[in-house]
Amino acid sequence: MPDWMVHVAVAWSLCRILRLHYGEFNPANTVLVMVGSIFPDAIKVSIIGELLGFDLWNYIYVFHLPVGSFLLAGITSLLFQEKKKAFLFLLLGIVTHYLMDLLLIQVGYGMSLFYPLNWMGFTLNLVPNDDYYITIVALVVALVIYLVTNWIESRNIQK
Amino acid sequence: MKLETPSKRILTGLILVVVLAGLCIHYTTEYQEHLKYPSYEVILADYPEGEVVNVDGTVLGRDNGMLVIQENQQGQLVTMKVESNTPVELKDQVSVVGVLGANNTIINVERVEVNENWKYLFLLLRSLLVLIFLGYLFQRYWSFDWEAFHFRRR
Chain A
1 MPDWMVHVAV AWSLCRILRL HYGEFNPANT VLVMVGSIFP DAIKVSIIGE
51 LLGFDLWNYI YVFHLPVGSF LLAGITSLLF QEKKKAFLFL LLGIVTHYLM
101 DLLLIQVGYG MSLFYPLNWM GFTLNLVPND DYYITIVALV VALVIYLVTN
151 WIESRNIQK
Chain B
160 MKLETPSKRI LTGLILVVVL AGLCIHYTTE YQEHLKYPSY EVILADYPEG
210 EVVNVDGTVL GRDNGMLVIQ ENQQGQLVTM KVESNTPVEL KDQVSVVGVL
260 GANNTIINVE RVEVNENWKY LFLLLRSLLV LIFLGYLFQR YWSFDWEAFH
310 FRRR
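Here the protein sequences come in this chain order: A and B. Per the working numbering, the first sequence starts with residue 1, numbered consecutively. Per the working numbering, the second sequence starts with residue 160, numbered consecutively.
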């Protein structure tokens, strides 16, 4: 996985750009997209299992497939006042997660994005799992987006 | 269906949890059939010697020039020896594609991918920091209404 810094930075950057045109991407909903962007990595609970001597990875691997992540988002959105909205913002975060994970080098197969309909694995095999250059790039891009969108917003206010 | 009452939401949540659990069971029982190369489950059950397999594991060291890796496969520790000169450190994670030889060896290695241990720990640390930051941000913009049993915007 790219680390959560990458996932969250990408989700935030996307929301920051969309906020220029759509008021719905306010800070509260942006936080939901950011939370959604790490939802598929709920599978990392397996790391704790591993420390305790249990191999849970394959049992909960569905969490790291779109269908499982969408179900998790559905379950979580039940805990929000505006459930549909919460679900959609979490969903957007989840989609950004898979787009980033597609970049990863996968020796075996890749992610079965269309499971359970199709098991075909997808990967672009571009970035190693433990790469940190992608983190630096994501943070720099987020900073640039912050500065540019701030400048655009202040210019719009002056008009 | 309107999901305003807690009981309806609990029922819907339970249905979604059951569907998710069903998918988890389906995936666990079926995924081996759909892997590009067989892995530990098949190796332990049938030992398909001479076939190309894909195994992962933690580096334990070298033995007679062969890379020794170990993996916890459903509670069973499996040790493999890999014919590879790829530079690795202790505790690095490797994923190997190669031909399964006799006595848990991987020969004619086609591909080795190494994830260095320190980079992995650094990745976990970065992710932990983000989790804490995200928790802070979430509680800043959302609060839980115990009476209505849902989050609402602050």
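Every residue gets a Cβ at the ideal spot worked out from N, C-alpha and C, and that includes glycine.
- Chain order gives no chain A residues near Gln229 of chain B, where near means a beta carbon separation below 9 Å; the closest approach is about 12 Å.
- The criterion of a C-beta distance shorter than 8 Å is satisfied by Leu91 of chain A and Ala73 of chain A.
- The way I'd put it, the region 204-213 of chain B doesn't touch the region 223-238 of chain B; fewer than three beta-carbon pairs between them come closer than 8 Å.
- Its chain contains Thr245, Val247, Asp251, Val253 as the residues whose beta carbon lies nearer than 7 Å to that of Val273 of chain B, once the 5 sequence neighbours on both sides are disregarded; these appear in chain order.
- The beta-carbon of Gly68 of chain A is placed less than 8 Å from the nearest beta-carbon of chain B.
- Gly68 of chain A and Leu293 of chain B do not touch by the CB rule: their CB atoms are close to 20 Å apart, not below 8 Å.
- The continuous alpha helix (DSSP H) containing Thr171 of chain B extends over residues 165-189.
- As a beta-bridge residue in DSSP terms, Thr264 of chain B pairs with B:Lys240.
- Non-local C-beta neighbours of Ser243 of chain B in its own chain, meaning closer than 6 Å and more than five positions away in sequence, comprise Leu226, Val268, Val271, ordered along the chain.
- Check the Cα spacing between Glu210 of chain B and each of B:Thr264, B:Gly220, B:Ser166, B:Thr238: the tightest is with B:Thr264.
- Pairing Trp12 of chain A with Thr30 of chain A, the inter-Cα distance amounts to about 6 Å.
- Here Phe87 of chain A is buried: its Cβ has 16 or more other Cβ atoms, across all protein chains shown, within 10 Å.
- In this structure, the straight-line span from the alpha carbon of Leu139 of chain A to that of Val33 of chain A is close to 17 Å.
- With a contact defined as Cβ atoms closer than 8 Å, Leu104 of chain A and Val127 of chain A qualify at about 6 Å.
- Residue burial is scored here from C-beta neighbours: Ala142 of chain A has at least 16 other C-beta atoms within 10 angstroms and is therefore classed as buried.
- Tyr133 of chain A counts as exposed, since fewer than 16 other beta carbons sit within 10 angstroms of its beta carbon.
- Of A:Asn118, A:Asp131, A:Gly108, A:Trp119, the smallest CA-CA separation from Leu280 of chain B is found for A:Asp131.
- Pairwise C-beta distances place the region 49-59 of chain A out of contact with the region 163-179 of chain B, as fewer than three of them are shorter than 8 Å.
- What Phe87 of chain A touches in chain B, judged by beta-carbon distance under 8 Å, is nothing: the nearest beta carbon there is about 11 Å away.
- In this structure Trp301 of chain B is buried. Its beta-carbon is surrounded by 16 or more other beta-carbon atoms within 10 angstroms.
- Under the Cβ criterion of 8 Å, Glu275 of chain B is counted among the residues facing chain A.
- In the same chain as Asn213 of chain B, and ignoring 5 residues on each side of it, the C-beta atoms closer than 8 Å to its own belong to Leu194, Lys195, Tyr196, Pro197, Ser198, Ser254, Val255, Val256, in chain order.
- Boundaries of the beta strand (DSSP E) around Gly216 of chain B: 211-222.
- Ser302 of chain B is bridged by DSSP to B:Arg311.
- Linking Asn223 of chain B to Tyr186 of chain B through their CA atoms gives a straight-line distance of about 38 Å.
- A residue is called buried when at least 16 other Cβ atoms come within 10 angstroms of its Cβ; Pro2 of chain A meets this threshold and is buried.
- Taking CB atoms only, Asp101 of chain A has no neighbour in chain B less than 8 Å away.
- With at least 16 other beta carbons inside 10 angstroms of its own, Gly216 of chain B counts as buried.
- Listed in chain order, the positions of the region 5-27 of chain A with a beta carbon within less than 7 Å of a beta carbon of chain B are Met5, Val8, Pro27.
- Residue environment analysis places Met120 of chain A among the exposed positions, since fewer than 16 neighbouring C-beta atoms fall within 10 angstroms of its C-beta.
- Residues of chain B whose Cβ lies closer than 8 Å to the Cβ of Phe114 of chain A do not exist; the shortest such Cβ separation is about 12 Å.
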